[in-house]
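Numbering (this note's numbering), first residue to last: 328 to 460.
Every residue gets a Cβ at the ideal spot worked out from N, C-alpha and C, and that includes glycine.
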Amino acid sequence: MLGLCLGLAGTIWAQVPAEKMTLSWTHTIEKIRWAEDYRLQPDGFILEQARVKGSGAGMEIPLDAVLNNGSWHYTPHLPILPMLKLGRTPEAGDYQLCVSSAQREQQCHPMSFWVGEPTVEQPLIELWGCDIG
């Protein structure tokens, strides 16, 4: 079964059954909420849709975005991403990670639910698709 691995440099800290996931966070400077919906494939992540509440420095809303329920929705046009590398520090707050699969309804938790609180000593995390036996 395909799942989501969380860790660093190939070391797995947690495995979560997932076929889809939503990663969301609040921008540290602009304090604007972002969310990205991914579909997991054996060779990586497909970013299917993104949402943002507003624009700011380095956060331009794409021209094809549509305003819906207070957020700008758009479809990024990216190749398959083999891995996601995320900065994660106590000052920035934590990501929220929602996962779902055919066998499991969507679950949403702070990333710390699976891998502990962000620390200064470990300022990043990697996410990749993996086989969960």
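Assigned with DSSP and collapsed to three states, V447 falls in coil, not helix or strand. In the three-state reduction of the DSSP assignment, A345 falls in the coil class. Below 8 Å, too few C-beta pairs join the segment 428 to 446 and the segment 397 to 411 to call them touching: fewer than three.
Per the DSSP secondary-structure output, K412 pairs in a beta bridge with E453.
When C-beta atoms of the segment 371 to 390 are compared with those of the segment 350 to 359, three or more pairs fall below 8 Å, so the two segments count as touching. At a Cβ-Cβ threshold of 8 Å, C425 and T349 count as neighbours. In this structure, R415 keeps its C-beta atom at 8 Å or more from the C-beta atom of P344. Looking at the backbone, the Cα of A341 and that of M328 are separated by about 15 Å.
Taking a 10 Å sphere around the C-beta of I339, we find fewer than 16 other C-beta atoms and assign the residue as exposed.
Taking the Cα of A419 as reference, the smallest distance to any Cα among H404, A429, E444 is reached at E444.
A direct Cα-Cα distance of roughly 14 Å separates Y401 from I373. Exclusion of the five residues before and after L451 leaves L335, K412, L413, G414, R415 as the residues of its chain whose Cβ lies within less than 8 Å of its Cβ. S398 sits in a strand when the DSSP states are folded into three classes.
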